[in-house]
Amino acid sequence: MVGWQGVAAAIVLFGIGTLGLILRRDLVVKLLALGLVNSSVILALVSLRARPNLVPPLLDGPTPQALADPLPQGLVLSAIVINFAVLAVALVFVMRLVERYHTTDSTRLERRTHDEEES
Amino acid sequence: MTWRRAMPWAAVAVVAAFCGLVLSQFGLGQERASDAELWMRAAASLGARNVVSAIILGVRLLDTLVEVIVFTVAVLGVRYFLKIQEESTKAGEEIPESPLVAASSAILLPGILMLGAYVTVCGHLSPGGGFSGGAIAASALLLAAASLGAERVSARFAESRFERVEWGALAILLLVTLAPALLGRAVTTDLLPAGVRGNLASGGTILPYNVLISVKVFLGSWVIVHHFLRHRGEI
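Protein sequences appear in the order of chains Y and H.
Once you know that position 112 of the first sequence is 382 in the working numbering, the rest is easy, because the numbers rise by one and skip nothing.
Once you know that position 220 of the second sequence is 530 in the working numbering, the rest is easy, because the numbers rise by one and skip nothing.
Rendered as structure tokens:
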């Protein structure tokens, strides 16, 4: 998969992830959708400079023209690490909410927090 | 269709329009001159063979350092919030694991740990580095926790014993990064010699950075995995 095909796939995955984030009510599924959105961004960043017949960016190899652009590869590392951190902390918050309200459904959570505030 | 129902689709349309706008600005499909040569020169001056690691731990060193700090904050968050919760919940019951998983994990464990160490140490020579090496080694502990039980692994690999190592690695990482500034030179100055490219002892400070980041990621990931397992009970 190269260039625009990768970007097209990334846009589709981004759309599916965004839809999941908005439409699904389960918090764990929302987090999965968030992971999908993040992966689609990584795919888009890497495939923006992807071309056929490129080799990994190692020195002592062929000419610079044959090397893959190393910059997006360096950039996506941040995306991966931050996504890992965000997902870990978000899962902890979901666990705390489940512990207290015994549901992962966002609508029920909203209702129960509202009831709790009134009482 | 009511407004409430149309809202998600409107949001998707806005996002799609935004993506299209960004991509049209990128000029997708038009060839730009590659920056690879520029990065290759930067990597050559650092003595690293892997250009990506030369970018991450050379040109973008401060970015990477902040990334490690973000990771540390996440680990702290998991540790803090699950510690409160653990006091209020009892540990889950233990589910015995099949002997096949236990036997195969005993064979795989040393190999995975070795691979993690290799990927870390050779991060400046071949694809890899501290983040991936640390994550591979942490996956070995996850496998051990799955086959032997989290509590048995944590008894041998006590979190409290390695807390100092974890924080020490972060402190040394910060010190090594700020050392040039403390000595009155530019922050990105490499204090170690570049060495002969292709040798293990080359690439200046990239190798020590990779080892420190690997230790940090390995212990941090284990803390996250262990806290999740302990709250949930055994796998």
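For every residue, glycine included, the Cβ atom is placed at its ideal position computed from N, Cα and C.
Could you tell me whether any Cβ in chain Y is nearer than 8 Å to the Cβ of residue i?
i: ASP373/H; result: yes
i: TRP349/H; result: yes
i: ILE534/H; result: yes
i: VAL380/H; result: yes
i: PHE441/H; result: yes
i: PRO437/H; result: yes
i: ALA496/H; result: no
i: ALA326/H; result: yes
i: LEU333/H; result: yes
i: GLU544/H; result: With a pLDDT of 49 at GLU544/H, under the threshold of 50, the modelled position of that residue is not reliable, and no figure is offered here.
Looking at chain H, is there any beta carbon in it that lies within less than 8 Å of the beta carbon of residue i?
i: PRO340/Y; result: yes
i: THR393/Y; result: As shown, chain Y starts at 271 and ends at 389. That puts residue 393/Y outside it, with no answer to give.
i: PRO322/Y; result: no
i: ILE281/Y; result: yes
i: ARG294/Y; result: no
i: LEU420/Y; result: Since the first residue of chain Y shown is 271 and the last is 389, residue 420/Y is not available in this structure.
i: GLN275/Y; result: no
i: ALA391/Y; result: The requested residue 391/Y is not part of the displayed model; chain Y covers only 271 to 389.
i: VAL311/Y; result: no
i: VAL362/Y; result: yes
Using three-state DSSP, classify residue i as helix, strand or coil.
i: ASN323/Y; result: coil
i: LEU485/H; result: helix
i: ASN520/H; result: helix
i: ALA297/Y; result: The residue you asked about is not Ala; residue 297/Y is Leu in the sequence shown. It is helical.
i: ASP373/H; result: helix
i: LEU318/Y; result: helix
i: ASN360/H; result: strand
i: GLU544/H; result: Per-residue confidence for GLU544/H stands at a pLDDT of 49, beneath the threshold of 50, marking its modelled position as unreliable; the derived number appears in the next sentence. Coil at GLU544/H, not helix or strand.
i: ARG502/H; result: The sequence given here has Leu at residue 502/H, not Arg. Coil.
i: LEU328/Y; result: strand
i: LEU425/H; result: helix
i: LEU493/H; result: coil
i: TYR418/H; result: Residue 418/H is actually Leu in this sequence, not Tyr. In this structure, LEU418/H counts as helix in the three-state DSSP scheme.
i: LEU302/Y; result: helix
i: LEU337/Y; result: strand
i: THR430/H; result: helix
i: LEU331/H; result: helix
i: ASN308/Y; result: helix
i: ARG507/H; result: coil
i: THR312/H; result: coil
i: THR382/H; result: helix
i: LEU410/H; result: helix
Might you give, ordered along the chain, the residues of its own chain that have their beta carbon closer than 7 Å to the beta carbon of residue i, omitting 5 neighbours on each side?
i: ARG295/Y; result: ASP375, SER376 and THR377
i: PRO318/H; result: none
Chain Y partners of residue i, CB-CB under 8 Å?
i: GLU377/H; result: LEU347, SER348, VAL351 and ILE352
i: ILE366/H; result: GLY344 and LEU347
i: ALA570/H; result: The displayed coordinates of chain H run from 311 to 545. Any statement about residue 570/H would go beyond what the structure contains.
i: PRO503/H; result: None at all; the shortest Cβ gap to chain Y is about 17 Å.
Just the chain Y side, please: which residues come within less than 7 Å of residue i by C-beta, in chain order?
i: HIS541/H; result: MET365
i: VAL525/H; result: Those do not exist, as VAL525/H stays about 15 Å from chain Y at its closest Cβ, beyond 7 Å.
i: ARG370/H; result: GLY344
i: PRO318/H; result: LEU289, ILE292 and LEU293
Given that residue i touches chain H, what residues does it touch there, using C-beta distances under 7 Å?
i: LEU329/Y; result: MET350, ALA353, ALA354, ARG359, VAL361 and ARG507
i: VAL359/Y; result: ALA384, GLY387 and VAL388
Note the first and the last residue of the continuous alpha helix (DSSP H) segment covering residue i.
i: VAL277/Y; result: 273-293
i: ILE352/Y; result: 340-371
i: ALA468/H; result: Here ALA468/H belongs to no alpha helix (DSSP H), and DSSP marks it neither H nor E.
i: SER442/H; result: 440-458
i: ASP385/Y; result: 376-388
Name the chain H residues whose beta carbon is nearer than 8 Å to that of residue i?
i: LEU417/Y; result: A query on residue 417/Y cannot be resolved here, the shown segment of chain Y reaching from 271 to 389 and no further.
Can you find the residues in the same chain that come closer than 8 Å, C-beta to C-beta, to residue i, ignoring five residues on each side of it along the sequence?
i: PHE391/H; result: none
i: LEU301/Y; result: LEU357, ALA360, LEU361 and VAL364
i: THR382/H; result: LEU480, LYS526 and GLY530
Within the same chain, show all residues whose beta-carbon is closer than 6 Å to that of residue i, passing over the 5 residues directly before and after it, in chain order.
i: TRP532/H; result: ALA448 and LEU451
i: ILE545/H; result: Since pLDDT at ILE545/H reaches only 47, below the 50 mark, its modelled position is unreliable, and the value read off the structure follows with that caveat. So the qualifying residues of the chain are ALA456.
i: VAL388/H; result: ILE534 and HIS537
i: ALA280/Y; result: SER310, LEU313 and ALA314
Please confirm whether any heavy atom of the ligand GTP lies closer than 7 Å to the CB of residue i.
i: VAL385/H; result: For the structure depicted, the ligand GTP is absent and the ligand set is empty, with no information on it obtainable.
Do we get a CB-CB distance below 8 Å when we pair residue i with the residues of chain A?
i: CYS329/H; result: The structure shown contains no chain A; the protein chains it does contain are Y and H.
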